[in-house]
Amino acid sequence: MAGVLIDESPILLFDEPLANLEPQTCGETIALIKNIHEEKNVTTIIIEHRIEEVLSLGIDKIVVVNEGEIVAIGSPDELLKTEVFRENSLREPLYLSALKAVKVADSLTNFSDLKTLDAPNLKKILTDFTSSYKVTDKAVSKNNILSVKNLTVNFGKHEVLKGINLEIQEGEKISIVGKNGVGKSTFANALCHFVEASGEILYRGQSIVNDSISERAAKIGYIMQNPNLMISQNIVSDEVASGLRLRGFDEGVISEKVEEILQVCGLYPFRNWPISSLSYGQKKRVTIASILILEPEILVLDEPTAAQDLKAYREIMDFLDQLNHRLHLTMIMITHDMYLITEYTDRTLVFADGKIVADESPFEILENENFVKMGNLRQPSLYQLARKADISPISLTKAFINFQNQERLKHE
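In the UniProt record's numbering, the protein residues as written are 1 to 412.
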């Protein structure tokens with residue numbers, strides 16, 4: 001940013017300034033952009049799909065673009081009261097979706113500022129809503145699949161992981177959150193044996209510390225954030241088969257397993273397609289299929305929804321959810337998406353300074369201000385709406401997720 005400001009241009013264009021930033025840093029970046037805009041008195045244009053975050057800038061006008069065409073232009077309040085964002089695969093502010101769900105949005109005038117928003121009888125309306133969509137927490141498996149004991153990683157003299165201890169149960173969906181550079185990816189790499197680590201890793205009670213990377217991959221699969229960095233073949237079926245071919249499997253066995261996995265992943269119609277012709281989300285599925293064919297029971301996913309719009313987000317996360325239920329896979333997801341952790345994971349680990357500083361349900365993590373601060377997190381606007389109405393943020397968030405799931409089922 002400093003380099004651009006030297007030129008004193010009258011127009012500043014920010015292209016996805018919040019990409020790959022953890023929640024708290026997003027807020028700091030927004031504050032910086034706002035400060036530059038006000039001090040320099042320049043025209044500021046922001047290309048961004050994270051609408052809720054940029055609204056705090058005091059946006060004058062929003063332009064919605066889809067398939068190369070402008071589909072809507074208006075003030076935030078003008079567009080937020082419509083369905084234009086959802087119709088174009090953009091996530092509208094969660095608090096607004098909740099207010100639309102309880103049929104009070106039409107009576108509001110100031111949609112874009114939750115702090116000044118006022119709705120009559122809000123506490124009663126939201127209390128009734130949480131009662132109507134109350135959910136029962138699912139039971140957690142008692143079968144331990146992975147134990148990590150005193151896991152430590154050093155890069156030179158720098159201790160990156162500092163004695164991690166963790167028990168993971170079969171079928172759990174775990175999210176890992178925290179600032180950039182606190183050891184999240186290093187932990188994932190250590191599980192997969194991509195980096196040298198000391199300590200103990202037990203898989204179903206048996207030590208795997210001496211396993212090769214190939215042997216570890218048959219138990220713990222790793223999905224990179226960018227699918228293009230994982231793909232080495234030109235054709236879908238060849239990419240999915242590549243892991244088995246490298247391990248010397250018979251072609252007859254490979255053909256059978258590839259067909260089975262392609263069916264599971266919804267990729268069978270594309271089996272002979274060039275990978276270059278697939279969408280980003282389809283490429284993501286191909287990389288997951290190429291790992292699943294090795295039959296790991298644990299998947300580690302680095303930012304599974306990064307750089308994706310709402311439609312692609314839903315497709316990949318619903319797909320992972322189906323794999324979890326159908327194959328009873330255990331999933332560990334590194335993410336900066338605070339709504340993802342509440343909607344799709346059972347348990348959240350907060351990393352800070354190479355340690356796990358919190359291990360609770362995602363709802364409890366986000367309600368605890370100390371955990372939020374340590375992880376550089378940000379409470380979703382549903383929590384802010386609940387506090388405004390003086391009701392439980394956890395109850396409202398769970399009810400809203402249940403409501404959304406039921407609404408989506410009606411339209412499938």
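Glycine included, C-beta positions come from ideal geometry on N, C-alpha and C.
Terminal residues of the continuous beta strand (DSSP E) containing residue i?
i, result
"Gly221", "220-223"
"Val160", "158-169"
Beta carbon of residue i, beta carbon of residue j: below 9 Å?
i, j, result
"Val148", "Glu200", "yes"
"Gly183", "Lys162", "yes"
"Asn88", "Val64", "yes"
"Glu22", "Asn189", "no"
"Ala389", "Ala19", "no"
"Ile291", "Ile332", "no"
"Val135", "Asn376", "no"
"Gly400", "Ala98", "In the sequence as displayed, the identity of residue 400 is Phe instead of Gly. Closer than 9 Å, so yes."
"Thr330", "Gln169", "yes"
"Thr130", "Met224", "no"
"Val264", "Ala289", "yes"
"Asp60", "Lys173", "no"
"Ile164", "Ile356", "yes"
"Phe85", "Ile33", "no"
"Arg285", "Ser237", "no"
"Ser198", "Leu246", "no"
"Asp309", "His49", "yes"
"Ile391", "Thr116", "no"
"Ala312", "Ser277", "no"
"Leu294", "Gly248", "no"
"Glu303", "Ile334", "yes"
"Ile176", "Leu349", "yes"
"Thr44", "Ile11", "yes"
May I ask whether a heavy atom of the ligand NAP can be found less than 8 Å away from the beta carbon of residue i?
i, result
"Ser214", "Looking for the ligand NAP in the displayed structure turns up nothing, as the structure carries no ligands at all."
Determine the DSSP secondary structure at residue i, reduced to helix, strand or coil.
i, result
"Gln308", "coil"
"Asp337", "coil"
"Ser89", "coil"
"Gln379", "coil"
"Thr342", "helix"
"His325", "helix"
"Gly281", "helix"
"Tyr203", "strand"
"Asn402", "helix"
"Ile176", "strand"
"Ala19", "coil"
"Ile208", "coil"
"Asp318", "helix"
"Cys26", "helix"
"Ile288", "helix"
"Glu37", "Here residue 37 turns out to be His, not Glu, going by the sequence shown. Note: His37 maps to helix in three-state DSSP."
List the DSSP bridge partners of residue i.
i, result
"Val300", "Tyr222, Ile332"
"Thr44", "Leu12"
"Asn143", "Beta-bridge pairing links Asn143 to no other residue."
"Thr152", "Ser198"
"Val54", "Paired residue(s): none; Val54 is not in a bridge."
"Val64", "Ala72"
Note the first and the last residue of the continuous alpha helix (DSSP H) segment covering residue i.
i, result
"Ser276", "Per DSSP, Ser276 belongs to no alpha helix (DSSP H) and is neither H nor E."
"Glu215", "213-217"
"Leu294", "Premise fails: Leu294 is in no alpha helix (DSSP H) and is neither H nor E."
Any Cβ of chain C within less than 9 Å of the Cβ of residue i?
i, result
"Glu196", "The chain labelled as chain C is not found in the depicted structure, where only one protein chain is given."
(request) Let me know the alpha helix (DSSP H) ranges lying completely inside the stretch 227-274, each 4 residues or longer, listed in chain order. (result) 236-246, 251-264
(message) Quick check on the DSSP output: what are the complete alpha helix (DSSP H) runs of length 4 or more inside the stretch 75-139, in order along the chain?
(response) 76-80, 84-87, 94-101, 122-132
(request) Could you tell me which uninterrupted alpha helix (DSSP H) segments, each at least 4 residues in length, are contained entirely in the stretch 346-396, listed from first to last along the chain? (result) 362-367, 369-374, 381-388
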